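Trainee: I have a structure here, written as structure tokens, and I will follow up with some questions on it.
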Amino acid sequence: MKLFSKLNTSDSKVFLGILVTISIFILLTNTLIILNLVEISAEEVNLINIAGRQRMLSQKMAKDVLLYVDGKIKFSKIEETISEFEKNLADIKIGNKHRNIPFLENDKIYAQHIIISSEWSNFKKNLLVLKEEPVNYPAFEYIVHNNEILLKKIDRLVDYYEEDAVHYGILKYQLMILVFGTIIILVTWFMVRRIIYKSGIDQLTKIFNRRRGAQHLRSLIQISLEKNKDLSLIIFDIDDFKRINDTYGHNVGDEVLKEIVEVVKYSIRDKDILVRWGGEEFLILTPDIDIETAVSVAERVREAIDAHQFAEAGHITCSFGVSQLKKDEEDENLAELIKRADDALYYAKRNSKNMVSSRK
Numbered sequence: 000m001k002l003f004s005k006l007n008t009s010d011s012k013v014f015l016g017i018l019v020t021i022s023i024f025i026l027l028t029n030t031l032i033i034l035n036l037v038e039i040s041a042e043e044v045n046l047i048n049i050a051g052r053q054r055m056l057s058q059k060m061a062k063d064v065l066l067y068v069d070g071k072i073k074f075s076k077i078e079e080t081i082s083e084f085e086k087n088l089a090d091i092k093i094g095n096k097h098r099n100i101p102f103l104e105n106d107k108i109y110a111q112h113i114i115i116s117s118e119w120s121n122f123k124k125n126l127l128v129l130k131e132e133p134v135n136y137p138a139f140e141y142i143v144h145n146n147e148i149l150l151k152k153i154d155r156l157v158d159y160y161e162e163d164a165v166h167y168g169i170l171k172y173q174l175m176i177l178v179f180g181t182i183i184i185l186v187t188w189f190m191v192r193r194i195i196y197k198s199g200i201d202q203l204t205k206i207f208n209r210r211r212g213a214q215h216l217r218s219l220i221q222i223s224l225e226k227n228k229d230l231s232l233i234i235f236d237i238d239d240f241k242r243i244n245d246t247y248g249h250n251v252g253d254e255v256l257k258e259i260v261e262v263v264k265y266s267i268r269d270k271d272i273l274v275r276w277g278g279e280e281f282l283i284l285t286p287d288i289d290i291e292t293a294v295s296v297a298e299r300v301r302e303a304i305d306a307h308q309f310a311e312a313g314h315i316t317c318s319f320g321v322s323q324l325k326k327d328e329e330d331e332n333l334a335e336l337i338k339r340a341d342d343a344l345y346y347a348k349r350n351s352k353n354m355v356s357s358r359k
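Here numbering that gives the first Met the number 0 is used: position 332 in the sequence shown is 331, and no number is missing along the way.
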């Protein structure tokens, strides 16, 4: 039992509680960040696509200039491309929520926008010169020559956007790993809690719980029947425990349960087994003693509790029921043994409480 007590120390519970609280906070925070990064990632893909289209528009303007100079198209066709190019340029520079284009605070991207804006300003001037003078060869030569320069600068801008997208992508996956790690921590915590429960220890009182207590009782019944040994059972219940909870609160009620366990431990043998059977009800498994001796043990425990001054609740009493295993009856089992003790307890509860009653 000491091994399980160590596993369930208050320090461990506090540590696990803090760990779970932090884990849940990290999980929620990182989930929100990841959702935001997914949105950013989608926006950056859109940015890259628009920046790529700027490259296509630049090439289209150079091609249309050749057609315009040859008299095959009107300048209005070039103006449509200019309008779209400038609109895209403004949107990717300052952002446009309606087009799902974010504003990226990146020094390299901002500097490249300045360079492209300057290059485009001169490029547009020469386009407008050609509008008035289709045979202005210096303007035509400038457009043909500087179109490649403008393309390279736009390509550089696309590269910067892609680098930024990769950065956010890596961050997203790192956070996803952290989220999954947090989930693993939480799952591990719940598994530890489950293992502790299955270990048979009551979390509040640090004694055996109902499941483990029933296992011990079945084992003792089998041994007693096989070896013809005595086995008695004591069941006790805190009198008016609901009043204690209602008057002082459930925290005080919990402290009373823990104090009672400590009082009882000092009043029974090392080989006796104390079990929290449920709520404010406890069992004491007393192997190798008959019902008369078990009644004496129960009386000793009752007196110890009656004499104890509880820290918050003051004076508290308990009622006891005692039964003995019937070794000569073939249908004797755990349920029958507990039922007789329970009937004795019920009798004690009806008759003034704070007393010991027995049923053979």
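Where a beta carbon is used, it is the ideal one built from N, C-alpha and C, also for glycine. Bear in mind that the values here come from a model prediction, so they are computed numbers and not experimental data.
Can you name, in chain order, every residue of its own chain whose Cβ lies under 6 Å from the Cβ of Thr204, other than the five neighbours on each side?
Mentor: The residue given as residue 204 occupies position 205 in the sequence shown. So the qualifying residues of the chain are Leu256, Lys257, Val260 and Arg275.
Trainee: Using 8 Å as the threshold, is the C-beta distance between Ile220 and Ile315 below it?
Mentor: Counting from 1 along the sequence shown, the entry for residue 220 is found at position 221. Counting from 1 along the sequence shown, the entry for residue 315 is found at position 316. Cβ atoms of Ile220 and Ile315: not closer than 8 Å.
Trainee: Would you decide whether Ser356 is buried or exposed? Buried here means 16 or more other CB atoms lie within 10 Å of its CB.
Mentor: Stepping through the sequence shown from its first residue, residue 356 is reached at position 357. By the 10 Å Cβ count, Ser356 comes out buried.
Trainee: Contact check, Phe122 vs Leu149 under 8 Å by CB: the rounded distance?
Mentor: By one-based count along the sequence shown, residue 122 stands at place 123. By one-based count along the sequence shown, residue 149 stands at place 150. That pair is a contact at about 6 Å.
Trainee: DSSP state of Val355, grouped into three classes?
Mentor: Translated into the one-based positions of the sequence shown, residue 355 becomes position 356. DSSP places Val355 in strand when its eight states are reduced to three.
Trainee: Use the C-beta contact count for Arg301: other C-beta atoms within 10 angstroms, 16 or more gives buried, fewer gives exposed.
Mentor: Taking the sequence shown and counting its residues from 1, the one referred to as residue 301 is at position 302. So Arg301 ends up on the buried side.
Trainee: Taking 8 Å as the threshold (C-beta atoms), are Leu216 and Ser322 in contact?
Mentor: Numbered from its first residue, the sequence shown carries residue 322 at position 323. Numbered from its first residue, the sequence shown carries residue 216 at position 217. No, the Cβ-Cβ distance between Ser322 and Leu216 is not below 8 Å.
Trainee: For Asn87, collect the residues of the same chain with a Cβ closer than 6 Å to its Cβ; drop the 5 residues on either side in sequence, then sort them by chain order.
Mentor: On the sequence shown, position 88 is the one that residue 87 refers to. Same-chain partners within the cutoff: Ile49 and Gln53.
Trainee: Would you kindly check if the distance between the Cβ of Lys270 and the Cβ of Pro286 is under 8 Å?
Mentor: Along the sequence shown, read from residue 1 onward, the residue named residue 286 stands at position 287. Along the sequence shown, read from residue 1 onward, the residue named residue 270 stands at position 271. For Pro286 and Lys270, yes; Cβs fall inside 8 Å.
Trainee: Hey, could you find the ends of the alpha helix (DSSP H) Gly252 is sitting in?
Mentor: In the sequence shown, residue 252 corresponds to position 253, counting from 1. Unbroken alpha helix (DSSP H) run through Gly252: His249 to Lys264.
Trainee: Using the Cβ count rule (16 or more neighbours within 10 Å means buried), how would you classify Met60?
Mentor: Sequence index remark: in the sequence shown, residue 60 carries index 61 (1-based). Answer is buried; the Cβ neighbour count reaches 16.
Trainee: Is Ile115 closer than 8 Å to Ile153 when the C-beta atoms are compared?
Mentor: Here residue 153 refers to the residue found at position 154 when the sequence shown is read from its first residue. Here residue 115 refers to the residue found at position 116 when the sequence shown is read from its first residue. Yes; because the gap between Cβ atoms is below 8 Å, this pair is in contact.
Trainee: When you compare the CB positions of Ala347 and Gly320, do they come within less than 8 Å of one another, or not?
Mentor: Locating residue 347 in the sequence shown gives position 348, counting from the first residue. Locating residue 320 in the sequence shown gives position 321, counting from the first residue. A contact, by the Cβ cut-off of 8 Å.
Trainee: Sorted by chain position, which residues of the same chain lie with C-beta nearer than 6 Å to Pro133's C-beta, five sequence neighbours on each side aside?
Mentor: The sequence position of residue 133 within the sequence shown is 134, counting from 1. Correct list, in chain order: Val68.
Trainee: Here's the rule: buried if 16 or more other CB atoms are within 10 angstroms of the residue's CB, otherwise exposed. What is Val296?
Mentor: For the purposes of this step, residue 296 is taken as residue 297 along the sequence shown, with counting starting at 1. Answer is buried; the Cβ neighbour count reaches 16.
Trainee: In three-state DSSP terms, what is Ser198?
Mentor: Within the sequence shown, residue 198 is the residue found at index 199, counting from 1. Ser198: coil per DSSP, three-state reduction.
Trainee: Apply the 10 Å Cβ neighbour rule to His97 and answer buried if 16 or more other Cβ atoms are within range, or exposed otherwise.
Mentor: Locating residue 97 in the sequence shown gives position 98, where the first residue counts as 1. Exposed: under 16 other Cβ atoms inside 10 Å.
Trainee: How would you call Asp245, buried or exposed, if buried means at least 16 neighbouring beta carbons within 10 angstroms?
Mentor: Taking the first residue of the sequence shown as position 1, residue 245 is located at position 246. With fewer than 16 other Cβ atoms within 10 Å, it is exposed.
Trainee: With DSSP as the reference, identify every bridge partner of Leu282, one or two as the case may be.
Mentor: The residue labelled residue 282 in the question sits at position 283 within the sequence shown. DSSP lists Ile234 and Val274 as partners of Leu282.
Trainee: Measure the alpha-carbon distance for Asp239 versus Ile182 and round it to whole angstroms.
Mentor: Indexing the sequence shown from 1 puts residue 239 at position 240. Indexing the sequence shown from 1 puts residue 182 at position 183. Looking at the two C-alpha atoms, the distance is approximately 43 Å.
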